[in-house]
Amino acid sequence: MRYLPLTADDRTAMLGRIGAPGVDDLFRDVPAAARLSGPVEGLPLHMSEMEVERALSAMARKNLTATHVPFFLGCGAYKHHVPASVDHLIQRGEFLTSYTPYQPEIAQGTLQYLFEFQTQVARLTGMDVANASMYDGSTACVEAIFMARRVTRRAKALLSAGLHPHYVAVAKTLTHFTDDAVVASVPTLTEGAPGDDVAALIAAIDDETSCVVVQNPNLFGHVADLSELAARCHEKGALLIAVVTEAVAFGAVRSPGAMGADIMVGEGQSIGGGLSFGGPYLGLFACNHKHVRQMPGRLCGETVDAEGKRGFVLTLSTREQHIRREKATSNICTNSGLISLAFTIHMSLLGEKGLRDLAALNHARAVQVAERLGAIPGVTLLNGPFFNEFTLALPVEARPAMRRMADAGVLGGVALGRLYPGETALANGVVVAVTETQTEDDVDELVAAYEEAVSC
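Read left to right, the sequence shown gives residues 176 to 631 (the numbering used here).
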């Protein structure tokens with residue numbers, strides 16, 4: 176039975192109150208070309224459950240998945256091995272069905288693992304405090320820009336050319352509704368430091384700058400020292416926001432906090448999370464202690480109860496549901512609880528030494544693959560220092576080359592022409608990610624596929 180609480184008279188009264196002639200007028204901001212004028216062509220109006228399963232399975236078989244072919248894609252989402260124990264533990268009923276921990280007397284388990292998650296993120300990033308997670312890396316990045324405006328009372332954000340273009344797009348979309356001005360530029364494939372623009376960012380900081388947003392390692396894999404940039408930001412009264420999209424890099428690259436970052440945001444999918452065709456993922460957010468009251472999301476804290484026993488509470492939650500709207504730091508309504516638990520369990524299984532070993536293995540394998548690909552005639556390795564991801568310049572346009580490789584059963588990298596359509600200077604570039612999951616046979620197939628693709 177359908178639940179329809181409104182009568183026709185109710186709807187008429189509501190539309191009359193807001194001055195809309197009809198329901199269709201509520202969608203007038205949507206371009207007419209984007210609205211459905213009738214049923215979707217080729218989509219049946221109804222099917223049985225078994226027919227739907229069969230149809231969706233047929234669609235799924237068309238995907239070329241990371242588990243079935245040599246896979247070297249990255250650019251913000253990475254294929255790492257997740258121990259089976261992680262999925263087993265997060266699917267226990269106590270975790271899978273737990274609700275928002277508003278009542279600490281019945282939510283100690285949830286509060287404790289969130290506290291442990293925050294502790295892990297703070298230690299990994301070198302920051303004073305971390306929140307209980309955000310939705311994903313891109314929205315965490317925008318929340319950091321909003322936070323910088325609140326802290327500095329300025330509204331201009333400088334975005335590095337090496338920041339993932341999807342993060343840039345999300346920032347532009349959400350700042351469209353605020354007073355923030357986002358300044359971004361197109362990257363250049365400088366040999367030795369692709370996408371690096373630290374010097375240009377330093378020169379661009381002025382008295383109106385609220386923050387500088389830099390991804391490290393950047394989209395192209397380049398690893399930079401942000402210490403000088405941080406110092407220049409602070410001289411001008413601006414904040415440095417460091418973005419990390421490959422969490423395993425924390426095991427090898429100097430932490431954002433150690434380089435002077437004021438806020439660290441990033442994507443935690445690499446630890447405990449699968450690719451899952453894009454989500455759900457895990458936003459990381461950490462900052463210095465002096466800015467903690469401007470931090471969005473939830474913060475779990477440790478305390479003692481009336482009997483002196485250790486316990487956990489929801490210490491800070493400055494969102495609209497809890498305080499006055501004009502005092503709220505964000506309208507984010509929750510955190511990625513289950514995915515943050517997976518992160519925490521995976522990190523606990525690895526430990527500090529395990530993470531460092533995993534990061535060292537990723538880097539060593541990436542160096543080996545980069546050397547082999549860079550030795551192919553016509554292929555140029557553009558990177559100087561990198562972690563597990565690097566950029567190649569091909570003698571041919573990258574998108575068709577990657578398509579030919581995919582048709583041959585090898586996912587060999589992300590063509591920059593896909594991320595930056597219309598930018599001809601980037602059309603021959605491709606980013607390759609290497610992790611612990613690829614075998615020697617995978618690498619051999621990758622090299623052979625590149626040799627074939629660039630010869631066409």
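Glycine included, each C-beta is placed from N, C-alpha and C at the ideal position.
> DSSP state of residue 551, grouped into three classes?
Replying inline: coil
> Whole-angstrom Cβ separation of residue 520 and residue 264, contact assumed at under 8 Å?
Replying inline: 5 Å
> Do the CB positions of residue 492 and residue 468 come within less than 8 Å of each other?
Replying inline: no
> Exposed or buried, what is residue 348 when buried is set at 16 or more other beta-carbons lying within 10 Å of its beta-carbon?
Replying inline: So residue 348 ends up on the exposed side.
> Thinking C-alpha only, which one of 560, 290, 269 and 425 is nearest residue 533?
Replying inline: 425
> Alpha carbon to alpha carbon, what distance is there between residue 593 and residue 558?
Replying inline: 20 Å
> Leaving out the 5 sequence neighbours to the left and right, which residues in its chain are closer than 7 Å to residue 294 when beta-carbon positions are compared?
Replying inline: none
>> Buried or exposed for residue 573, going by 16 or more other Cβ atoms inside 10 Å?
In response: buried
>> So for residue 438, helix, strand or coil by DSSP?
In response: strand
> Going by other Cβ atoms of all chains shown within 10 Å of its Cβ, with 16 needed for buried, is residue 470 buried or exposed?
Replying inline: buried
> Between which two residues does the alpha helix (DSSP H) carrying residue 296 extend?
Replying inline: 283 to 300
> In the DSSP assignment, what are the bridge partners of residue 597?
Replying inline: DSSP lists no partner for residue 597.
> Which two residues bound the contiguous alpha helix (DSSP H) that contains residue 320?
Replying inline: Note, residue 320: alpha helix (DSSP H), 312 to 327.
>> Classify residue 319: buried if its beta carbon has 16 or more other beta carbons within 10 angstroms, exposed otherwise.
In response: buried
>> Our contact map puts residue 306 next to residue 202 with C-beta atoms below 8 Å; I'd like the distance itself, whole angstroms only.
In response: Not confirmed; about 35 Å, so no contact.
> Do the CB positions of residue 346 and residue 385 come within less than 8 Å of each other?
Replying inline: no
> Hey, would you say residue 431 sits closer than 8 Å to residue 423, going by beta carbons?
Replying inline: no
> Just the Cα atoms here: how many angstroms apart are residue 621 and residue 607?
Replying inline: Approximately 10 Å between the Cα atoms of the pair.
> Does the Cβ-Cβ distance between residue 569 and residue 271 come in under 8 Å?
Replying inline: no
>> For the structure I just gave you, are there three or more beta carbon pairs, one from the stretch 357 to 369 and one from the stretch 403 to 419, closer than 8 Å?
In response: no
> Roughly how far, in whole angstroms, is the beta-carbon of residue 244 from the beta-carbon of residue 586, given that I think they are within contact range, below 8 Å?
Replying inline: 6 Å
> Cα separation between residue 195 and residue 210?
Replying inline: 18 Å
> Three or more C-beta pairs closer than 8 Å, one from the stretch 398 to 411 and one from the stretch 604 to 618: is that the case here?
Replying inline: With a cut-off of 8 Å, the stretch 604 to 618 and the stretch 398 to 411 do not count as touching, because too few Cβ pairs lie within range.
>> Suppose the cutoff is 8 Å on Cβ atoms and the five residues either side in sequence are ignored; what does the same chain contact list for residue 554 look like?
In response: 548, 567, 568, 569, 570, 625 and 629
> Helix, strand or coil for residue 383 per DSSP?
Replying inline: coil
> Hey, how far is the Cα of residue 207 from the Cα of residue 200?
Replying inline: 11 Å
> Roughly how many angstroms lie between the CA atoms of residue 550 and residue 564, to the nearest whole one?
Replying inline: 17 Å
> Beta carbon of residue 458, beta carbon of residue 309: below 8 Å?
Replying inline: Taking 8 Å as the Cβ cut-off, residue 458 and residue 309 qualify as a contacting pair.
> Which runs of the alpha helix (DSSP H), 4 residues or longer, sit entirely within the stretch 191 to 259?
Replying inline: Counting only runs of 4 or more, we get 224 to 235.
> From residue 596 to residue 340, what does the alpha carbon distance come to, in whole angstroms?
Replying inline: Near 11 Å, if we compare the C-alpha coordinates of residue 340 and residue 596.
> What is the DSSP secondary structure of residue 485, counted as helix, strand or coil?
Replying inline: strand
> What number of angstroms, rounded off, separates the C-alpha of residue 354 from the C-alpha of residue 236?
Replying inline: Rounded to whole angstroms, residue 354 to residue 236 spans 46 Å at the Cα level.
> Got a sec, what are the start and stop residues for the beta strand (DSSP E) residue 478 sits in?
Replying inline: 473 to 479
>> Residues in the same chain with beta-carbon distance under 8 Å from residue 356, minus the five sequence neighbours each way, listed in chain order, please.
In response: 330, 331, 332 and 350
> Within this structure, are the beta carbons of residue 296 and residue 517 separated by less than 8 Å?
Replying inline: no
> Closest to residue 383 by CA distance: which of 395, 577, 539 and 328 is it?
Replying inline: Looking at the Cα atoms, 328 is the closest of the given residues.
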